[in-house]
Each structure stands twice: as structure tokens, then as C-alpha cells.
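Novice: Could you have a look at this structure, given as C-alpha cells, before my questions?
There are 2 protein chains.
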Amino acid sequence: METTLRMTERSMPLYAEVASRIVYLIEQGTLRPGDRVPSIRELSRQLQVSINTVKEAYSQLEDRRLLEARPQSGYYVRAHLPELPAEPVVRKPALKPTEVNLCDVYQMVMNDLHDPDLLQLGVAFPNPDLLPIDKLNRMLASESRRFRVQSVSYEIPPGCERLRKQIARRSLQTGCALSPDEIVITSGCVEAVVLALRAICKPGDTVAIETPVYFNFLQVIEDLGLKALEIPTSAQGGISLDALEYALEKNAGQVKVCIVLSNFNNPLGGLMSDAAKRQLVELLERYQIPLIEDDIYGDLSHSDNRPSVAKSFDKTGNVLLCSSFSKTLAPGYRVGWIAAGRFQKQIERGKLLSNVATASPPQLAIAEFLATGGYDHHLRSIRRAYARQVMIMGDTVGRAFPAGTRVSRPKGGFVLWVEMAAEIDALKLYEQAREEGITIAPGQIFSLEGKYRNCIRLNAACWNPRIEMAIETLGRLAARLLAR
Amino acid sequence: METTLRMTERSMPLYAEVASRIVYLIEQGTLRPGDRVPSIRELSRQLQVSINTVKEAYSQLEDRRLLEARPQSGYYVRAHLPELPAEPVVRKPALKPTEVNLCDVYQMVMNDLHDPDLLQLGVAFPNPDLLPIDKLNRMLASESRRFRVQSVSYEIPPGCERLRKQIARRSLQTGCALSPDEIVITSGCVEAVVLALRAICKPGDTVAIETPVYFNFLQVIEDLGLKALEIPTSAQGGISLDALEYALEKNAGQVKVCIVLSNFNNPLGGLMSDAAKRQLVELLERYQIPLIEDDIYGDLSHSDNRPSVAKSFDKTGNVLLCSSFSKTLAPGYRVGWIAAGRFQKQIERGKLLSNVATASPPQLAIAEFLATGGYDHHLRSIRRAYARQVMIMGDTVGRAFPAGTRVSRPKGGFVLWVEMAAEIDALKLYEQAREEGITIAPGQIFSLEGKYRNCIRLNAACWNPRIEMAIETLGRLAARLLAR
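And the structure:
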């Protein structure tokens with residue numbers, strides 16, 4: 157406890173770092189169940205942080221059920237210490253392309269969305285309470301009145317100029333310096349990725365993509381008649397560059413494009429370092445393979461600053477950067493964008509021929525929100541909330557699921573990846589959970605057939621007693637499946 | 157003048173029928189330049205219609221420069237009678253499939269949309285003054301407040317239920333009885349057609365389509381790696397069923413789908429009869445070829461009632477009916493729909509994988525407009541306005557363009573097809589017009605290479621002195637091109 161926290165290097169909120177020190181001591185066995193932890197004043201002095209920071213850290217550890225406060229006595233390590241889950245181990249997939257098969261499981265999970273009685277832990281919706289709905293609604297109304305004719309007219313590609321200017325302005329935070337003319341507005345991030353794939357590939361081509369990966373992308377690849385070549389990725393550093401290079405060498409000429417979720421990838425939460433991003437861009441540049449970079453979770457870093465994007469290392473227009481406001485502002489507005497580098501013209505044409513334009517009023521409202529609505533302030537507040545909820549749900553999984561379960565500890569976004577004992581079939585868990593009124597995303601849909609069959613993805617965007625109970629139910633069901 | 161107008165059978169507004177009687181008498185030479193026409197009171201008695209109806213008819217004929225009022229004397233046939241243009245003759249195309257080539261001309265015409273200084277006669281935008289912008293804006297605001305969370309959430313396929321119910325209710329007017337569950341909301345009609353093509357075809361397949369046809373569809377066909385088989389269509393009855401049957405026989409097995417614009421097809425304005433629609437549905441059913449029916453202009457009939465759709469004769473789910481609110485309410489809202497028959501599930505999946513969903517606030521606003529906004533009343537008023545403007549622009553073309561020019565006389569929609577003397581190259585006219593600040597749609601983009609090179613399409617949605625001057629300029633340029 158002698159070291160002080162060096163303010164200059166921290167990448168997470170200070171209170172979270174303080175909390176992680178305590179967690180470390182508990183994990184190492186330095187602090188044991190029933191032990192009294194340093195008083196708030198003591199720790200504040202030791203770590204040279206404010207009283208309030210320590211208070212916040214302890215309050216968080218109480219939420220996580222690691223500490224308990226005893227009146228007039230101080231804070232103690234709880235008696236029933238939850239088993240702290242380790243990071244998931246990602247198994248290496250075969251390095252050859254496979255046709256993605258139409259996935260009935262995928263359809264099942266998506267159909268669950270129509271059932272309002274199910275507790276939705278399957279799909280990565282943001283928490284509605286963390287969306288600035290009323291402010292957006294006001295801006296939707298005021299901007300449509302202000303730009304009366306524009307609001308009902310086509311915003312043909314590249315889309316609303318005001319919005320593109322705001323996005324370009326914000327790109328400085330990601331290490332880019334995009335101009336508004338380099339950006340094309342799309343109807344969400346999925347559309348951006350689809351347009352990119354369609355601009356680059358023809359049926360039969362192979363797409364290099366992380367595994368496990370956001371299931372919609374696999375379905376899109378199948379739908380476009382493409383093949384997926386799965387490249388291992390980790391919950392720490394994202395896509396394995398060694399594996400990618402090896403795969404590119406082995407499949408020379410076949411791989412026509414690579415999709416990477418560079419920041420807080422879905423479902424693992426992996427975050428590529430700047431060095432890795434630069435290396436990735438250079439590697440693909442060398443192979444003349446365009447990179448489709450999905451940065452949809454980049455703004456949801458759990459620390460105060462958002463990470464860079466690989467696009468910031470792109471010198472030749474080989475990177476197509478895709479994102480949207482679906483996770484931070486309003487999924488239902490369907491406003492995303494792509495900075496498509498040397499594919500700009502094809503993307504504009506593709507957008508025009510897909511649906512002419514993205515709806516105008518949502519573009520106007522989001523442009524206004526970015527210009528005057530305090531987007532950075534909004535991000536700061538939702539980042540903290542998601543950081544806290546992801547942590548609490550992770551802890552609860554660790555406590556509720558049978559021994560041997562591992563859970564991701566992402567540094568951004570709001571999904572968790574849970575790897576259960578090899579004997580547990582996630583599809584069985586999905587079916588039994590559904591009977592209990594809970595829907596989850598079984599691991600099978602995050603890859604081609606047969607993989608991740610003992611994994612599930614959970615949406616940790618919301619936290620309340622009902623969800624806590626649901627996690628406990630899932631843990632009980634998993635234990636029962638394991639016992640068989 | 158002895159016959160009275162039989163109110164029961166009329167399909168256009170009464171005043172328009174009265175006007176057409178006078179036009180007929182002028183065309184037949186019964187009334188000659190300088191002749192005095194019956195007084196308002198006289199004609200009202202003769203035709204057994206109200207004074208106001210005759211007044212409206214005469215006022216329209218004045219607008220069309222066929223009559224002139226002389227103070228204290230009455231109405232006279234104008235001295236310089238405009239040459240009344242005939243219907244265009246549609247030349248028969250070769251009955252074999254051709255690859256659609258990427259069309260630079262198309263890109264040029266679309267790029268013109270970014271130039272606010274050009275008078276836009278090229279693209280089929282509706283008249284902003286005929287869109288209920290303020291009412292829609294109010295509904296956009298009120299509905300987003302009312303459905304607070306829904307307005308920012310995904311309306312995953314099939315889309316907003318409230319909107320689908322309203323569309324289903326309205327389908328009775330088209331001879332269908334769709335249920336809300338048969339409808340999928342799309343981001344406009346183009347997206348509906350694209351989803352339909354992608355659900356049915358794979359690259360290399362052939363699409364039977366009318367010629368000339370809405371240029372975006374040809375670009376879409378090219379973009380999807382499909383081939384177009386052009387089937388003659390006319391400005392009267394739409395697609396030639398004889399030619400279609402002949403083509404299907406000759407290309408057995410190659411044609412995988414047929415696209416037909418059944419009502420007021422773009423660009424010719426042709427309208428299929430109920431009998432023809434039934435025959436078309438039966439023919440394609442026999443060949444087991446799905447029909448993609450585009451009814452986007454159906455609500456813009458110039459008469460009081462809208463025509464049926466081919467879908468109403470569909471007994472097996474073989475017809476995919478596509479439409480949108482882009483021509484009647486708000487192009488920029490990007491709200492369209494498809495009733496996809498036996499392809500429903502594929503379309504839902506395709507929509508999900510294209511962009512997850514259509515934006516929610518526009519869906520809510522249009523649902524409310526259909527439920528309470530007086531859509532039928534709105535349609536009645538814009539139908540009259542478009543009928544009048546299409547007529548006036550047609551007359552002006554007839555007067556301004558050199559002899560030999562033919563112009564369509566559509567019974568719905570708001571575009572005109574102008575066939576000039578064979579010597580005139582529409583692309584040259586396009587280029588020269590652009591230098592005068594006017595953009596038009598040259599005939600070349602309505603077909604594969606080389607066809608309709610002496611034709612242009614004009615947007616007749618707006619009428620004002622600037623547009624009148626532009627038509628006169630176009631006529632003068634055409635005359636000059638002809639003289640060379």
C-alpha cells in the first residue's frame with residue numbers, strides 16, 4: 157500500500173483504480189474474509205487521493221459485495237467471498253475459410269426481441285435510462301421546424317452536411333483528422349459495414365474476421381455469399397496479428413478484406429493498443445487488403461479518454477472506419493457513418509442504390525446534439541454507469557455460476573462474455589433460461605458451427621434486482637446442466 | 157355538346173372532364189382560333205354541371221393557354237393554338253438480356269442534386285409545397301414524446317406495428333386485404349425492391365423489367381450483378397404482356413423475377429387495367445416467376461379513385477408489393493414497405509442484415525398521420541394539383557419544343573416523358589441545359605446503352621414562371637440541336 161497512484165498515467169477513473177488495489181489485495185490473500193480494510197482516512201493518506209475518491213471506491217466494492225460496512229467499526233472483507241473469475245481463454249480456430257451456414261439459432265435469438273415478456277439479456281441494447289431521450293426529442297422537434305423543407309427532403313449521399321461536420325470535428329479525439337467530405341452517413345453501423353463489404357467483395361470472396369465476433373456480421377457475410385476466415389482474438393488485446401499474418405500468407409489472394417472491431421470488441425471486449433493498430437494497418441496495407449474497422453463501442457471506454465482508431469494510422473485510404481450513435485444516443489434513430497478512404501465513391505453509390513438516403517430528421521437532431529447538446533458530458537456520465545454495471549454483473553456471474561466459469565472484464569462497452577465448463581451446452585442453457593423468461597445469446601452464434609458451445613454473451617447495460625435474480629437463475633441452471 | 161356528363165362513371169374531377177370536352181372540340185376543329193366558346197352559364201346548363209365547375213374548367217384552360225378571357229365579352233379560343241402533342245411511340249427493344257453497364261450519365265445526373273443553383277427538373281421529387289410538412293413535424297414531435305422509449309429503440313423487422321396496421325387498413329383501397337403481419341417496413345421503396353431482388357435472385361440471374369424504366373432500378377440490377385431483360389411498355393397500358401410472355405418463353409429458366417410498375421409507371425405514366433394486372437399475375441404464376449410490383453405512384457392518380465394493384469389478384473403469395481410515402485408525405489422520412497407474400501421471412505431477415513431497422517420517429521409520425529391526419533383529404537388535394545401541373549407542363553412542352561416532339565399525358569404521378577425528333581441527342585440537350593442552369597434526365601439512363609437517346613424525362617411536380625421559362629429554354633435548345 158506504499159505506492160501512490162500516479163495521476164498522469166491512469167486510464168480509468170481514480171476511484172476505480174483505488175478499488176482495484178483493494179481487489180488485488182483480496183485476490184492475493186493479503187486481505188482475507190472478515191479482515192478489516194484501512195479506514196477511508198487512512199487509505200486516502202496512503203494513496204494520496206481525496207477522501208471522496210476512497211468513499212466512492214468503497215461504495216463500489218460494497219455494490220460488488222466484496223466489502224461490507226459495519227456500523228461504528230469500518231469496512232470489512234465479506235465472509236462469502238465470490239470466486240473471482242479469470243479472463244476467458246480463447247481457443248484457436250482452424251485457419252481455413254468456411255461457408256457460414258444460415259443459423260436457426262440466430263433467428264431464434266432475434267425473434268425473442270418481439271417478446272416483451274422476456275428479460276432481454278441476449279442483444280446488446282444500450283440502457284434506455286442512459287439515453288438522452290428527452291433532449292433528443294426536443295432537438296428532433298426544433299430542428300425539423302428550423303430546417304423545414306430539408307427535414308422532409310432527401311439527404312442524398314454523402315448525407316447531412318451539418319452532421320458530417322460534427323463527426324469530422326469529433327474525429328480529432330480518435331487520432332484522425334477527417335474532413336466532412338470523407339464521411340458518408342449511413343443507417344447505422346451495420347449498414348456501413350455491409351456497404352463496405354459490398355464495395356470491396358464479390359460473392360465467393362473471403363473475409364478475415366475475429367472470432368468470436370458480433371453474430372450479425374457472420375450472418376451478413378453469409379447473406380452476401382462470402383466466406384469467413386476466423387482469426388483468434390482476445391479479451392485483452394483484440395485480434396491476434398500473428399495469426400492474421402499467418403492466415404493471410406496461407407490464404408494468399410483469397411482474403412479480400414478484413415473486419416476488425418478495434419475497440420472493446422463484441423463480444424470479448426478486447427482493446428487493441430496503438431502499436432497493434434499501427435501494425436495491423438501496415439500489415440494489411442502490405443497485403444493490399446482493405447480494413448473495415450468497426451469502432452461502435454469506442455466512445456464507451458470505461459476510462460475518461462476514448463482510445464484511438466486504426467484509421468488514424470492509415471496513410472493510403474485503405475481503412476474504412478465505421479461507427480454510429482446507436483450505443484450512445486439512440487439506436488432507433490439509425491444514424492451511423494463511414495469514412496471509407498479510397499472507397500468513398502463506391503460507398504456513396506452503394507448507399508444511393510440501397511435506400512437513397514438515411515432519414516433526415518434523426519440526422520438533424522443528432523447534428524444538433526453534437527453541436528450543442530453536451531455529448532462529451534453525456535459520454536462521461538454513461539461511461540461511469542456502464543463501467544459500474546459491467547463490473548457488478550461480472551461479479552455476480554462469478555458468484556452465481558458454477559466453479560470453472562470465466563467471465564470477461566472489458567474496459568469498455570456493456571457486454572460480457574461468459575465461458576462455462578466445457579460440459580455445458582449454451583444452447584441448452586438458452587432454452588432453459590427462456591422457460592424462466594430470460595433470453596441470452598448462446599456462444600454458437602458468434603462463430604461458425606460448433607464453436608463456443610459452452611459460452612454465452614450477456615448484455616450488462618442494465619442492472620436491477622430483477623436482472624440480479626436472472627443472473628442467479630442462469631447460474632443455477634448452468635450448475636444443474638453441469639451436474640448431469 | 158348535347159350529352160350530359162354522367163356523374164357515375166367519371167374517373168377524373170368533373171371540371172377536368174368539362175375542360176377535356178372543350179379541348180376535344182378544339183382538336184376536332186369544331187372550335188377554331190378566335191371562336192367564342194359557350195358562356196359559363198350556357199355550358200353549365202348544357203352539361204348539367206354547376207357554374208363553379210365550368211368556371212374552374214375555363215380557368216384551367218386559360219392556364220393552359222387554350223382559352224383567353226376578353227373583358228365584357230366572354231371566353232375565346234386563343235389565336236396561337238399550341239400544337240397538341242401526341243403520345244410517345246415506344247420502340248420495341250431487342251428481346252435478349254444485356255448486362256447493365258455502370259452509367260456515368262446516371263452519376264452525373266445524381267451529382268446535379270448537390271448543386272442548389274440548378275433548376276431541378278431531372279429527378280422525380282415531389283413538390284415541397286404539396287407536402288404536409290408542418291403537420292408531419294408536429295406529429296414527429298408529439299409521437300416521439302408519446303412513445304418515449306420506442307422512439308429511440310429499434311423497430312426491428314417487420315417494423316412499427318402501429319404503422320403496419322394503418323398500411324394494412326389502407327390496402328383495402330387497392331383491392332387487397334393485407335394483414336399487418338404481411339407487411340415489412342423498409343427505408344423507402346427502393347430498399348423494398350432491393351430487398352426483394354436480393355431475396356429472390358443470385359448474381360448472374362436475369363430480371364425482366366419494363367423499358368423505359370426508372371433509372372435507379374437499372375443501376376440496382378447492375379449493382380447486384382444481375383442482368384436486365386427489357387420488356388416494352390407503353391404510356392397507356394403499361395408493360396406489354398404479349399412481349400413479356402414471348403420473352404419468358406425465349407428465355408425459359410433464365411428469368412428469375414419480373415419488376416413491374418403497375419400504376420403510372422415511371423417514366424411513361426402507363427396504367428395497367430385490372431384485366432391486364434390479373435393476366436400478368438396469372439402469367440408469372442404459371443412460369444413460377446415472382447412479381448415485384450412497384451406501386452409508388454398509385455396514390456397519385458389524377459382522378460378521385462386510386463387504381464388497384466396486381467397484388468390484389470395474387471392467390472399464392474407470388475407477388476411482392478412495394479411502396480412508400482416518399483411521393484405523398486415526406487421523401488426524407490425514408491419510410492416504405494413491402495408485402496412480400498411467400499418471401500416474407502427472407503425479407504425480414506434481409507432487412508435485419510441490411511441496417512437492422514428503419515428509423516423509429518418517422519415511422520411513428522407517419523403512423524399518426526395515417527391514423528388521424530386526413531391522408532385521404534391530403535391525397536385529394538395533391539392529386540388535383542399534380543393533374544393540373546402535369547397538364548400545364550405538357551402543354552408548354554407542346555408549344556415550346558420543335559415540331560415532331562411527343563409528350564406523355566399520364567393519368568397519375570408527376571413526371572413527363574418527352575420524345576423529341578430522332579436527330580436530337582438528349583445528352584447534348586442535357587449538357588446545354590445545364591449551362592443554362594437547368595438539369596433534366598436524359599433518356600439514355602432509362603435503359604441500357606444507346607436507347608431513348610432522343611428522349612428526356614421532366615419532373616412536373618412544380619410549376620412557376622421560372623420553370624415555364626426553363627421549358628421554353630429547353631424547347632429553344634432542342635430546336636437549335638434539330639436545326640444543325
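Taken in sequence, the protein lines are chains A and B. Take the first sequence: its letter number 69 is residue 225 in my numbering, and every next letter is one higher. Take the second sequence: its letter number 131 is residue 287 in my numbering, and every next letter is one higher. For glycine and all other residues, C-beta sits at the position ideal for the given N, C-alpha and C. Computed from a predicted structure; not experimentally measured.
1. Just reading off the alpha helix (DSSP H) that B/G631 is part of, what are its end residues?
2. With three or more beta-carbon pairs closer than 8 Å as the criterion, would you say the stretch 265–278 of chain B touches the stretch 442–449 of chain A?
3. How close, in whole Å, do the beta carbons of A/C357 and A/K412 come, if the pair is a contact with beta carbons under 8 Å?
4. Quick test of the definition: if touching needs 3 or more C-beta pairs under 8 Å, does the stretch 604–614 of chain A touch the stretch 458–472 of chain A?
5. Should A/Y180 go down as buried or exposed, given a rule of 16 or more other Cβ atoms within 10 Å for buried?
6. Measuring alpha carbon to alpha carbon, tell me which of A/A486, A/P194, A/P518 ends up nearest A/S229.
7. Alpha carbon to alpha carbon, what distance is there between B/H533 and B/E624?
8. Chain A partners of B/A297, CB-CB under 9 Å?
9. For B/N615, count the other beta carbons within 10 Å of its own beta carbon; 16 or more makes it buried, fewer makes it exposed. Which is it?
10. Using a Cβ-Cβ distance cut-off of 9 Å, determine whether A/G381 contacts chain B.
11. In chain A, which residues lie less than 8 Å from B/T629 when you measure between Cβ atoms?
12. By the 10 Å Cβ neighbour count, where 16 or more other Cβ atoms means buried, how is A/Y402 classified, buried or exposed?
13. Give me the chain B residues within the contact set of A/Q375, using Cβ-Cβ distance strictly less than 7 Å, ordered along the chain.
14. Could you tell me the distance, in whole angstroms, from the CA atom of B/P558 to the CA atom of A/Q306?
15. Please work out which residues of its chain come closer than 6 Å, Cβ to Cβ, to B/P518, disregarding the five sequence neighbours upstream and downstream, and give them in chain order.
16. Check whether chain B comes within 9 Å of A/S309, counting only Cβ atoms and requiring the distance to be less than that.
17. Does the CB of B/A515 have a neighbour CB from chain A at under 9 Å?
18. Can you give me the start and stop residues for the alpha helix (DSSP H) that B/T552 sits inside?
19. Secondary structure at A/N257, three-state DSSP: helix, strand or coil?
20. Quick check on DSSP: helix, strand or coil for B/M168?
21. Just the C-alpha distance for B/G454 and A/F469, rounded to the nearest angstrom, thanks.
22. Looking at the C-beta of B/E624, does it have a partner C-beta in chain A at a distance below 9 Å?
23. For B/M266, which residues in chain A fall below 8 Å Cβ to Cβ?
24. Please list, in chain order, all residues of the same chain as B/N511 whose beta carbon is under 8 Å from its beta carbon, the five residues on each side excluded.
25. Excluding the 5 residues preceding and the 5 following A/F525 in the sequence, name in chain order all residues of the same chain whose CB lies nearer than 8 Å to its CB.
26. Would B/A513 and B/I503 be called neighbours here (beta carbons separated by less than 9 Å)?
27. Is there a Cβ from chain B that is less than 9 Å from the Cβ of A/L476?
28. Got a sec, what are the start and stop residues for the beta strand (DSSP E) B/P388 sits in?
29. If we cut at 9 Å on Cβ distances, does A/Y489 have a partner in chain B?
30. Measure from the alpha carbon of A/C611 to the alpha carbon of each residue in A/V574, A/V465, A/R505, A/R302, then state which is nearest.
31. Using the beta-carbon count (16 or more within 10 Å), is A/P423 buried or exposed?
32. Whose C-beta lies closer than 6 Å to the C-beta of A/A578 among residues of the same chain, with five residues either side of it excluded?
33. Which of the three DSSP states, helix, strand or coil, is assigned to A/Y262?
34. Report yes or no: is there a C-beta of chain A within less than 9 Å of the C-beta of B/S343?
35. Could you tell me if B/I207 is buried or exposed, where buried requires 16 or more neighbouring beta carbons within 10 angstroms of its beta carbon?
36. When the distance is taken between beta carbons, is B/C345 closer than 9 Å to B/S480?
Specialist: Taking the coordinates as given:
1. Segment 621–639, the alpha helix (DSSP H) holding B/G631.
2. Judged by Cβ distances under 8 Å, the stretch 265–278 of chain B makes no contact with the stretch 442–449 of chain A, as fewer than three pairs qualify.
3. Indeed they touch by this definition, with Cβ atoms about 5 Å apart.
4. Too few Cβ pairs lie closer than 8 Å, so no.
5. Exposed.
6. Selected option, being the one with the closest Cα: A/P194.
7. Rounded to whole angstroms, B/E624 to B/H533 spans 29 Å at the Cα level.
8. In chain order: N293, R294, L296, A297, S298, S300, R301.
9. Counting the other CB atoms within 10 Å of its CB gives B/N615 a total of 16 or more, which places it among the buried residues.
10. The C-beta of A/G381 comes closer than 9 Å to at least one C-beta of chain B.
11. For B/T629, no chain A residue has a C-beta closer than 8 Å to its own C-beta; the minimum C-beta separation is roughly 25 Å.
12. When all chains shown are included, A/Y402 counts as exposed.
13. Ordered by position in chain B, the residues that pass the 7 Å Cβ test against A/Q375 are L509.
14. Answer to the nearest angstrom: the Cα atoms are 37 Å apart.
15. So the list reads Y489, V491, once near-sequence residues are dropped.
16. Output row for A/S309: interface = yes.
17. Proximity of B/A515 to chain A, defined by a Cβ-Cβ separation below 9 Å, is satisfied.
18. For B/T552, the enclosing alpha helix (DSSP H) has its first and last residue at 531–556.
19. For A/N257, the predicted model reports a pLDDT of 43, less than 50, meaning its position is unreliable; a value from the coordinates is still stated below. Correct three-state label for A/N257: coil.
20. Shown here, B/M168 sits in coil according to DSSP, grouped into three states, outside any helix or strand.
21. When rounded, the distance between both Cα atoms is 51 Å.
22. No - not a single Cβ of chain A is within 9 Å of the one on B/E624.
23. Neighbours of B/M266 on chain A, chain order: I312, L508.
24. So the list reads S343, once near-sequence residues are dropped.
25. Excluding residues within five positions, the ones whose Cβ falls inside 8 Å are P288, K291, L292, M295, L485, Y531.
26. Against a cut-off of 9 Å, the Cβ pair of B/I503 and B/A513 comes out as no contact.
27. Between A/L476 and chain B, the shortest Cβ-Cβ separation is not below 9 Å.
28. Secondary structure note for B/P388: its beta strand (DSSP E) is the uninterrupted segment 383–390.
29. So yes, A/Y489 belongs to the interface.
30. Minimum Cα distance to A/C611 is reached at A/V574.
31. Buried, by the Cβ-count rule.
32. Cβ within range, chain order: N610.
33. Here A/Y262 sits in helix by DSSP.
34. Interface residue, yes.
35. Exposed, since its Cβ has fewer than 16 Cβ neighbours within 10 Å.
36. The answer is yes: Cβ separation under 9 Å.
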